[in-house]
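In my numbering, the protein residues as written are 368 to 751. Below: the structure, in structure tokens.
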Ligand SMILES: Nc1ncnc2c1ncn2[C@@H]1O[C@H](COP(=O)(O)OP(=O)(O)O)[C@@H](O)[C@H]1O
Ligand SMILES: [Mg+2]
């Protein structure tokens with residue numbers, strides 16, 4: 368059989384240039400609702416991608432289409448250069464870990480890890496050594512004889528990871544496997560996922576609603592809302608230059624100010640013109656139209672009322688509440704000059720206590736670079 372594709376000599380360099388995953392205009396509809404709309408991205412080999420979004424944003428649907436548990440109503444998936452639209456999940460090069468680990472309770476850890484090898488008809492003589500190797504990889508050496516109920520939550524997680532990876536799939540898919548863990552165990556397992564992923568170099572797609580996890584773990588981040596990809600990029604970029612007000616909000620921006628866009632760019636609120644920065648041309652506000660400005664609490668500096676910054680740059684405001692968090696103090700402020708708008712500020716060097724009590728007059732200031740401007744019509748529920 369000959370085809371154009373096969374006629375092209377496939378060098379090693381060529382194979383390495385082919386991305387691990389390509390999603391091309393993927394869509395999936397349930398009834399009349401699109402759970403996923405027009406999702407396109409590519410993921411290079413060896414990279415760790417996190418799909419970040421709130422519940423119901425379409426993350427699992429996207430992962431199911433990559434895995435083959437669901438068929439797309441539109442678009443295509445390519446894995447390692449091959450179109451897989453008609454390939455069932457068990458014939459795709461993927462290992463998966465879900466929130467429900469679904470370990471077999473009657474089998475030992477080693478038995479659970481061996482299971483995918485038996486299903487794939489690995490040489491039985493090769494299986495024990497391979498199981499040992501993966502027990503070691505997930506730091507469970509010597510515990511292979513235990514059943515799941517004889518293991519801690521974290522150890523069960525490790526069995527599930529080993530089981531997903533033992534047959535050395537090209538792609539690891541994680542659907543919120545850490546969502547039900549307590550914070551400490553979750554942070555430990557996040558670092559373990561990263562270590563194992565780096566050790567094996569396995570391309571990974573991780574789904575989560577936890578923004579911190581996305582930033583800590585990933586080479587690339589996709590932010591989703593309402594079945595759509597709002598932004599795709601490196602963690603630093605998504606953090607520093609959110610392309611959409613929702614992305615800013617989801618990545619922890621505490622203050623959204625509303626006003627009218629002016630050239631510059633700037634936002635006008637009452638009598639004050641606040642210069643800012645539009646992180647993305649596609650979502651930049653147009654002069655004369657409603658705008659929203661996103662401002663991170665930790666970018667707002669707070670001064671005693673008498674110790675104001677350069678004239679014309681600060682705002683007088685009143686402390687309404689303080690939250691002492693040990694290494695930082697969060698302030699809730701009211702800014703009369705901006706129409707009694709509420710603002711959040713963080714003091715990152717509180718010296719062990721909140722310096723300003725509720726009721727105190729203070730001054731706040733920020734750099735125009737930190738005031739992120741967007742077209743207000745992108746925000747649901749925005750004032751017309
Ligand atoms: N099998 C299904 N039948 C009907 N609606 C579904 C089904 N699966 C998902 N949905 C809907 O699709 C949307 C996206 O779901 P999902 O991909 O599970 O989101 P996430 O994983 O981000 O929470 C939701 O509104 C959800 O209710
Ligand atoms: Mg989900």
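Built from N, CA and C at the ideal position, the CB exists for glycine as well.
Cβ neighbour criterion (16 or more within 10 Å) applied to residue i
| i | result |
| --- | --- |
| residue 556 | buried |
| residue 611 | buried |
| residue 511 | buried |
| residue 715 | exposed |
| residue 486 | exposed |
| residue 476 | buried |
| residue 734 | exposed |
| residue 444 | buried |
| residue 520 | exposed |
| residue 624 | buried |
| residue 599 | buried |
| residue 570 | buried |
| residue 417 | buried |
| residue 399 | exposed |
| residue 550 | exposed |
| residue 488 | exposed |
| residue 314 | Only positions 368 to 751 of the chain appear in this structure, which leaves residue 314 out of reach. |
| residue 397 | exposed |
| residue 542 | buried |
| residue 636 | buried |
| residue 738 | buried |
| residue 575 | buried |
| residue 703 | exposed |
| residue 694 | exposed |
| residue 565 | exposed |
| residue 663 | buried |
| residue 711 | buried |
| residue 375 | A caution first: residue 375 carries a pLDDT of 45, below 50, which makes its placement in the model unreliable, though a value can still be read off. So residue 375 counts as exposed. |
| residue 741 | buried |
| residue 680 | exposed |
Cβ distance (whole Å) where residue i is taken to contact residue j below 8 Å
| i | j | result |
| --- | --- | --- |
| residue 670 | residue 729 | 6 Å |
| residue 390 | residue 442 | 7 Å |
| residue 480 | residue 502 | 7 Å |
| residue 686 | residue 697 | That pair is no contact at about 11 Å. |
| residue 632 | residue 652 | 7 Å |
| residue 581 | residue 602 | 7 Å |
| residue 594 | residue 410 | Contact flag wrong, Cβ pair sits at about 19 Å. |
Where the alpha helix (DSSP H) containing residue i begins and where it ends
| i | result |
| --- | --- |
| residue 642 | Taken as a continuous stretch (DSSP letters only), residue 642 belongs to no alpha helix (DSSP H), being part of the beta strand (DSSP E) at 639-642. |
| residue 603 | 602-607 |
| residue 793 | It is not possible to answer for residue 793, since the shown part of the chain is limited to 368 through 751. |
| residue 657 | That residue, residue 657, is in no alpha helix (DSSP H); its beta strand (DSSP E) goes 657-662. |
| residue 432 | 426-434 |
| residue 560 | 550-567 |
Backbone secondary structure at residue i - three-state DSSP
| i | result |
| --- | --- |
| residue 543 | coil |
| residue 407 | strand |
| residue 453 | coil |
| residue 516 | helix |
| residue 502 | helix |
| residue 614 | helix |
| residue 620 | coil |
| residue 714 | strand |
| residue 392 | strand |
| residue 743 | helix |
| residue 387 | coil |
| residue 697 | strand |
| residue 507 | coil |
| residue 688 | strand |
| residue 672 | coil |
| residue 371 | Only weak support is given to the placement of residue 371: the predicted model assigns it a pLDDT of 40, under 50, and the question is left unresolved by the model. |
| residue 527 | helix |
| residue 599 | strand |
| residue 437 | coil |
| residue 497 | helix |
| residue 751 | Note on residue 751: pLDDT 40, under 50, position unreliable in the model; the coordinate value appears next. In the structure shown, residue 751 sits in coil (DSSP, three-state: anything other than H, G, I, E or B). |
| residue 629 | strand |
Endpoints, the beta strand (DSSP E) within which residue i is located
| i | result |
| --- | --- |
| residue 575 | 570-575 |
| residue 465 | 461-465 |
| residue 533 | That residue, residue 533, is in no beta strand (DSSP E); it is neither H nor E in DSSP. |
| residue 582 | Here residue 582 belongs to no beta strand (DSSP E); instead the alpha helix (DSSP H) covers 578-584. |
| residue 443 | 441-446 |
| residue 665 | Residue 665 -> no beta strand (DSSP E), and no H or E assigned at all. |
| residue 469 | Neither: residue 469 is in no beta strand (DSSP E) and is coded neither H nor E. |
| residue 417 | 415-419 |
| residue 730 | 728-732 |
| residue 653 | Neither: residue 653 is in no beta strand (DSSP E) and is coded neither H nor E. |
| residue 587 | 587-592 |
| residue 649 | First-last for residue 649: undefined, no H or E at that position. |
Heavy atom of ligand 3 within 7 Å of residue i beta-carbon
| i | result |
| --- | --- |
| residue 549 | Ligands present in the displayed structure are limited to ligand 1 and ligand 2, and ligand 3 is not among them. |
| Distance cut 6 Å, beta-carbon to ligand 1 heavy atom: residue list by chain order | 397, 402, 420, 422, 423, 424, 425, 426, 427 and 428
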